[in-house]
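Here's the structure we're looking at; comments come further down.
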Amino acid sequence: MSIFDLRLETERLILRPPGRQDFEAFAAFCADPVAMQHLGGVQPKPVAWRSLAGLVGSWQLLGYSMFSVIEKDSGNWIGRVGPWQPYGWPGTEVGWSIVSSHWGRGYAPEAARAAIDWAFDALGWEEVIHTIAPDNSNSQHVARKLGARVLRNARLPPPHEVDVEVWGQSRQAWLAAR
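Heads up, the working numbering is the position in the sequence shown plus 64, with the first residue counted as 1.
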């Protein structure tokens, strides 16, 4: 079985490694200034392609990366959620980004719970973090729903170079709350 055959399922979502078939929806997401406000800003299609290729490459290099989030009812790509640790990152992150038209439906915490369980179980991580801009109240709300708290502050590596709050929790705290 290839890692690209991996599937996680929740009540309403399928999480799977991203592929070429996700590109048009991914590019539309990257072009949305609302969705990209805290993700480095809007990306033109050529940059979105490289971003998607980076996610796919991380699966190959590390054995994990963001999952494509597929809404079961529609079959539509609605975001990316999952384990993420680019070079120089401040820890083992499970991040989330849902298309803005689907905000407020509880998809981010639903997908993140599945991804956190997978990161602790399959990857053996001892801590999961979430890097969140201090003014990103939506992601702070999701982090609270996941039982996370502010652990420390950090500065993201280039090309981002922004100060963030590092939210998260240990494996032990996650398992105790589940």
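Built from N, CA and C at the ideal position, the CB exists for glycine as well.
Delimiting residues of the alpha helix (DSSP H) encompassing residue i
i, result
"glycine 121", "109–126"
"alanine 91", "87–94"
Pick from the options that is closest to residue i, judged by C-alpha positions
i, options, result
"glutamate 225", "Thr195, Phe68, Arg169, Leu79", "Thr195"
"phenylalanine 131", "Ala237, Thr156, Ile193, Asp86", "Asp86"
"lysine 136", "Pro108, Ala92, Val111, Arg80", "Arg80"
"arginine 144", "Pro154, Ala172, Leu125, Lys109", "Ala172"
"arginine 232", "Ser201, Glu190, Ala95", "In the sequence as presented, arginine is not what sits at residue 232; that position holds glycine. With distances taken between Cα atoms, glycine 232 lies closest to Glu190."
"leucine 210", "Ser66, Val133, Gly170, His166", "Gly170"
"alanine 207", "Asn217, Val230, Asp181, Leu220", "Val230"
"proline 154", "Glu75, Pro222, Arg235, Arg84", "Pro222"
"serine 165", "Gly83, Arg242, Arg84, Ala89", "Ala89"
Coil, strand or helix - residue i by DSSP
i, result
"serine 164", "helix"
"histidine 102", "coil"
"arginine 235", "helix"
"valine 226", "coil"
"asparagine 140", "coil"
"alanine 197", "coil"
"glutamate 135", "strand"
"arginine 80", "strand"
"tryptophan 189", "coil"
"alanine 218", "strand"
"proline 147", "strand"
Proximity of residue i and residue j at Cβ, strictly below 7 angstroms
i, j, result
"alanine 176", "tryptophan 160", "yes"
"alanine 197", "valine 228", "yes"
"leucine 116", "serine 129", "no"
"alanine 91", "valine 106", "no"
Burial state of residue i, where buried means 16 or more other Cβ atoms lie within 10 Å
i, result
"tyrosine 151", "exposed"
"phenylalanine 68", "exposed"
"serine 122", "buried"
"valine 98", "exposed"
"glycine 146", "buried"
"serine 138", "exposed"
"glutamate 73", "exposed"
Closer than 7 angstroms to chain C by CB, residue i
i, result
"valine 230", "No chain C is part of this structure, which consists of one protein chain only."
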